[in-house]
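Trainee:
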Amino acid sequence: SGAAAGPPCRDFISITLGPEEVVGVGGYNNSKAWRRRSCWRKWKQLSRLQRSVILFLFAFLAVCGVISYTSMGEAWKSITNKSLDDQRTEQEIPRLKLANPAVLPAPQKADANHGDYPELSLQKPPKLPHVRRGPSNLQIKAPQRNTRLKTQHDTMRAVEEQVEVDKVEKTEKSIISWRGAVIEPDQSTEPPSNKITEPEKPSSVEAEDQKEPVPINERQLAVIEAFRHAWKGYKDFAWGHDELKPLSKSYSEWFGLGLTLIDALDTMWILGLKEEFEEARKWVANDLVFDKNVDVNLFESTIRILGGLLSTYHLSGDSLFLEKAKDIGNRLMPAFKTPSKIPYSDVNIGRGTAHPPRWTSDSTVAEVTSIQLEFRELSRLTGDEKFQKAVDEVMKHVHTLSGKNDGLVPMFINTNSGQFTHLGVYTLGARADSYYEYLLKQWIQGGKKENELLEDYMRAIEGVKKHLLQRSEPKKLTFVGELAHGHFSAKMDHLVCFLPGTLALGAHNGLAADHMKLAETLIETCYQMYAQVETGLSPEIVHFNLHAQKGHKDVEIKPADRHNLLRPETVESLFYMYRFTGDKKYQDWGWEILQNFNRYTRVPTGGYTSINNVQNPSNPEPRDKMESFFLGETLKYMFLLFSDDIDLINLDKYIFNTEAHPLPIWVPA
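Quick note on UniProt numbering: the sequence shown kicks off at 1 and runs consecutively.
1. Between lysine 653 and tyrosine 576, what straight-line distance do the alpha-carbon atoms span, to the nearest angstrom?
2. State the beta-bridge partners of histidine 543 as determined by DSSP.
3. I need the DSSP call for valine 214, collapsed to helix, strand or coil.
4. Mapping the DSSP letters down to three states, classify serine 402 as helix, strand or coil.
5. Whose C-beta lies closer than 7 Å to the C-beta of lysine 625 among residues of the same chain, with five residues either side of it excluded?
6. Is the Cβ-Cβ distance between phenylalanine 639 and leucine 261 less than 9 Å?
7. With DSSP as the reference, label asparagine 613 as helix, strand or coil.
8. Bridge partners for isoleucine 413 per DSSP, in chain order?
9. If you reduce the DSSP assignment to three classes, tell me which class proline 202 lands in.
10. Please name the residue or residues paired with glycine 644 in a DSSP beta bridge.
11. Where threonine 605 and phenylalanine 227 are concerned, what is the direct C-alpha to C-alpha distance, given to the nearest angstrom?
12. Can you check which of these residues, Leu332, Thr267, Glu627, Leu408, is closest to glutamate 462 by C-alpha distance?
13. Using the three-state DSSP reduction, which class does alanine 354 fall into: helix, strand or coil?
14. Is the Cβ-Cβ distance between arginine 281 and aspartate 318 less than 9 Å?
15. Could you please give the first and the last residue of the uninterrupted beta strand (DSSP E) stretch that includes proline 339?
16. Where does isoleucine 655 fall in DSSP's three states?
17. For leucine 631, does the three-state DSSP call read helix, strand or coil?
18. What do you get for histidine 563, buried or exposed, if any count of 16 or more other CB atoms within 10 angstroms of its CB means buried?
19. Is the CB-CB distance between residue 670 and lysine 465 below 9 Å?
20. With which residues is phenylalanine 479 paired in a DSSP beta bridge?
21. With DSSP as the reference, identify every bridge partner of tyrosine 426, one or two as the case may be.
22. With leucine 468 and glycine 481 assumed to form a contact (beta carbons below 8 Å), what rounded beta-carbon distance in angstroms separates them?
23. In the DSSP output, what is proline 664 paired with across the bridge?
24. What residues match up with methionine 626 in a beta bridge as DSSP calls it?
25. Assuming glycine 632 and alanine 264 are in contact, meaning their beta carbons sit under 8 Å apart, how far apart are those beta carbons, in whole angstroms?
26. Count the other CB atoms within 10 Å of the CB of valine 555; is the residue buried (16 or more) or exposed (fewer)?
27. When DSSP labels each residue in this structure, what does valine 294 get in the three-state scheme?
28. Between which residues of its own chain and tyrosine 426 is the CB-CB distance below 6 Å, once the five residues before and five after are set aside?
29. Determine the burial state of cysteine 497: buried for a count of at least 16 other Cβ atoms within 10 Å of its Cβ, exposed for fewer.
30. Could you tell me the alpha carbon to alpha carbon distance between arginine 380 and phenylalanine 321, rounded to whole angstroms?
31. Within 10 angstroms of the Cβ of alanine 460, are there 16 or more other Cβ atoms? Answer buried if so, exposed if not.
32. Closer than 8 Å by C-beta to alanine 490: which residues in its own chain qualify, once you throw out the five before and the five after it? Chain order, please.
33. Output needed for aspartate 561: all residues of its chain with C-beta closer than 6 Å, excluding positions within five of it in sequence on either side, in chain order.
34. Counting only the same chain and skipping the five closest in sequence on each side, list residues whose C-beta sits under 7 Å from that of tyrosine 637.
35. Along the alpha helix (DSSP H) that carries asparagine 330, what are the first and last residues, could you check?
36. Are tryptophan 257 and isoleucine 305 touching if we call contact CB-CB under 9 Å?
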């Protein structure tokens, strides 16, 4: 009771810590083991739903990662493969640069029967106003090193029906002929040489304003109908073979390489016959094989097969045709292995051997100097100089030879000595004709820079004027005769009717104006070779009257010369004359010729036939053979003649080879 108060009472809580939990002695120290236990406690504290959501998200991210990795791997693999492919292509074709391989628009599918031709379908013009029929901007460049081929392969539709090929009896080979004319065994031979110049670089082709398509007219439709009728006979009775025999519903073989089909490829493209083209392309892809033990004529194989494949490649942009062209081009090269580098006439494309004809060691001058356009173009496309080198050396050699007469050349040249033979005979007909044609066309193809070619051409035309021109009676027609050892002959082959067109082409390219005047007089003569004959069709050879005789026309025809082989030369020149002058009479003359072909050479079951007698309208004596050049040249030039579209194979962009296959005029890089 009277005692003093004590100190206040405090409560304490005692906690005993294990040694591992004391900071600095084993507690939290950021170790991996501690973190795992901490995370595990946090994970156990989550609800089951939360844990499920997290697991699902992790699984989803994992799947996405796998998919992304796979996609990126495939893309990287594709890029790597493409790079390797590009490197291989650059190694294989180091010098090629092709600015625009697809030159003409794809043929439009025909529809709607039109006019008087029940089988005929009219091509629909493109709907877009800026698309035009004819070449789009062509810009081909001379070959350069370290560039690669750029080609656009158009995958063609599968054909709707398979053509049945009738089994027909095989026919024996006839003597190799000059452009289809059977002649004495003096002529099988070819071109090239072994010296090369770089392709000349021509002026570039300017880009043009796009134009409206030019509608196909009635006369062009008639040509399409004629082509389809001829093609029907070939499909039904000669598919894949060289030439149709329309009367016997059979075929004949020359080389066994489908000459008619290959010759007609670019014609079908130009005429817009898409289905026919696709079917023919399928045959080329699957059945055209050059690895076979067969002798072929170098000249004919070059102008028809190599020329046809190169032309079709340029028009369609389809690399299949370039690959085939390279194949046949390489197989023809053994022909140039001669002592003089003047090529042999015959090549075995399977064995890789070549030889002259059995009866002579000569080649014909026209053949060895009329393969240059094709081999030069093959070098330009592939970058392989050997093709151009071989053929250019031939031209340089012929340029230096003696034996010419004011630029006129003899008909034969020896493959051993390299010298002209059979001197003193000069003609612009068989065995010499296309020498003169290719002088001008090579000069144009290479950009008008190879002056030796122009010099030889101009000198030759002066030689023609001086030695070979005469006028007939009574109509005073100017014609081109022949000279044999100083004696003039009033004989003129139908083959010479290439000359008016060639002269006009030269005048168009800046040569002397009197060349066009001469062309105008000569095309009148070629037309009269048709008009003065009973069937309205020209014979193979005519003789002109130099002196007026009562009851005689200008044109005389010998019994051995009165056959017609469906040749193109006059129609070819009519095309050039109309294109350069716009004179409708040339179209009218061509229309007359087409009607007479239909009247006297058309076979009802399909096809057209050569005839033996142009002087007998009641019985023209059909020969039962349709030459491949009827589809490759005659009908093509007919179609172009009747067209008013100057851009349908523009002659400032293309040069035709002697089988009517258009090849591009080179432009500089």
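By construction, the Cβ of each residue, glycine as well, lies at the ideal position given by its N, Cα and C atoms.
Note that the structure is predicted; figures quoted are calculated from it, not measured.
Mentor: This is what the structure gives:
1. Locating residue 653 in the sequence shown gives position 653, counting from the first residue. Locating residue 576 in the sequence shown gives position 576, counting from the first residue. C-alpha separation (whole angstroms): 14 Å.
2. Residue mapping note: residue 543 aligns to position 543 of the sequence shown, counting from 1. In DSSP, histidine 543 forms a bridge with Lys491, Glu556.
3. Counting from 1 along the sequence shown, the entry for residue 214 is found at position 214. In this structure, valine 214 counts as coil in the three-state DSSP scheme.
4. Counting from 1 along the sequence shown, the entry for residue 402 is found at position 402. Coil at serine 402, not helix or strand.
5. Indexing the sequence shown from 1 puts residue 625 at position 625. For lysine 625, where only same-chain residues beyond five positions count, the Cβ hits under 7 Å are Glu243, Lys245, Ser252, Thr609, Ser610.
6. Locating residue 639 in the sequence shown gives position 639, where the first residue counts as 1. Locating residue 261 in the sequence shown gives position 261, where the first residue counts as 1. No.
7. On the sequence shown, position 613 is the one that residue 613 refers to. In this structure, DSSP gives asparagine 613 a state outside helix and strand, which the three-state scheme calls coil.
8. Walking along the sequence shown from the start, residue 413 turns up at place 413. Isoleucine 413 is bridged to Ser363, Phe420.
9. For this step, residue 202 is matched to residue 202 along the sequence shown. Low confidence applies here, because proline 202 scores a pLDDT of 35, under 50, leaving its location unreliable; read the following figure in that light. Here proline 202 sits in coil by DSSP.
10. If you number the sequence shown from 1, residue 644 lands on position 644. The identity of residue 644 in the sequence shown is aspartate, whereas the question assumes glycine. Aspartate 644 is not bridged to any residue.
11. Translated into the one-based positions of the sequence shown, residue 605 becomes position 605. Translated into the one-based positions of the sequence shown, residue 227 becomes position 227. Rounded to whole angstroms, threonine 605 to phenylalanine 227 spans 13 Å at the Cα level.
12. As a working mapping, residue 462 is identified with position 462 in the sequence shown. Closest option to glutamate 462, Cα to Cα, is Leu408.
13. Position 354 of the sequence shown, counted from the first residue, corresponds to residue 354. In the three-state scheme derived from DSSP, where H, G and I count as helix and E and B as strand, alanine 354 is classed as strand.
14. Position 281 of the sequence shown holds residue 281. Position 318 of the sequence shown holds residue 318. The answer is yes: Cβ separation under 9 Å.
15. Counted from its first residue, the sequence shown places residue 339 at position 339. No beta strand (DSSP E) contains proline 339, which DSSP labels as neither H nor E.
16. Counting from one through the sequence shown, the residue named residue 655 turns up at place 655. Three-state result, isoleucine 655: strand.
17. Residue numbering aside, residue 631 sits at position 631 when the sequence shown is read from its first letter. Note: leucine 631 maps to helix in three-state DSSP.
18. Position 563 of the sequence shown, counting from 1, holds the residue named residue 563. Under this definition histidine 563 is a buried residue.
19. There is simply no residue 670 to check, as the chain begins at 1 and stops at 669 in what is shown.
20. The sequence position of residue 479 within the sequence shown is 479, counting from 1. In the DSSP output, where bridge partners are listed per residue, phenylalanine 479 has Gln470.
21. Along the sequence shown, read from residue 1 onward, the residue named residue 426 stands at position 426. Tyrosine 426 pairs with Leu483.
22. Position 468 of the sequence shown, counted from the first residue, corresponds to residue 468. Position 481 of the sequence shown, counted from the first residue, corresponds to residue 481. At roughly 5 Å, the Cβ-Cβ gap stays under 8 Å, so leucine 468 and glycine 481 are in contact.
23. Locating residue 664 in the sequence shown gives position 664, counting from the first residue. Paired residue(s): Tyr654.
24. As a first step, residue 626 is located in the sequence shown; it is residue number 626 there, counting from the start. Answer by DSSP bridge pairing, in chain order: Leu244.
25. Position 632 of the sequence shown, counted from the start, is the residue given in the question as residue 632. Position 264 of the sequence shown, counted from the start, is the residue given in the question as residue 264. That belief holds up - the Cβ atoms of glycine 632 and alanine 264 are roughly 6 Å apart, short of 8 Å.
26. Counting from one through the sequence shown, the residue named residue 555 turns up at place 555. Valine 555 should be labelled buried.
27. Translated into positions along the sequence shown, residue 294 becomes position 294. Residue state, collapsed to three classes: coil.
28. For the purposes of this step, residue 426 is taken as residue 426 along the sequence shown, with counting starting at 1. Excluding positions up to five away in sequence, the list reads Asn405, Leu408, Leu483.
29. Counting from 1 along the sequence shown, the entry for residue 497 is found at position 497. With 16 or more other Cβ atoms from the protein chains shown falling within 10 Å of its own Cβ, cysteine 497 counts as buried.
30. If you number the sequence shown from 1, residue 380 lands on position 380. If you number the sequence shown from 1, residue 321 lands on position 321. Distance between the alpha carbons of arginine 380 and phenylalanine 321: 15 Å.
31. Your numbering for residue 460 matches position 460 in the sequence shown. Buried, by the Cβ-count rule.
32. The residue you call residue 490 lines up with position 490 of the sequence shown. Same-chain partners within the cutoff: Gln470, Ser472, Phe479, Gly481, His543, Phe544, Asn545, Leu546.
33. Position 561 of the sequence shown, counted from the first residue, corresponds to residue 561. Around aspartate 561: Pro539, Glu540, Ile541.
34. As a working note, residue 637 is residue 637 in the sequence shown. For tyrosine 637, where only same-chain residues beyond five positions count, the Cβ hits under 7 Å are Pro568, Val571, Glu572, Phe575, Ala660.
35. Your numbering for residue 330 matches position 330 in the sequence shown. It spans 319-332 - the alpha helix (DSSP H) in which asparagine 330 sits, taken as one unbroken run.
36. Numbered from its first residue, the sequence shown carries residue 257 at position 257. Numbered from its first residue, the sequence shown carries residue 305 at position 305. Note that residue 257 is leucine in the sequence shown here, rather than tryptophan. Cβ atoms of leucine 257 and isoleucine 305: closer than 9 Å.
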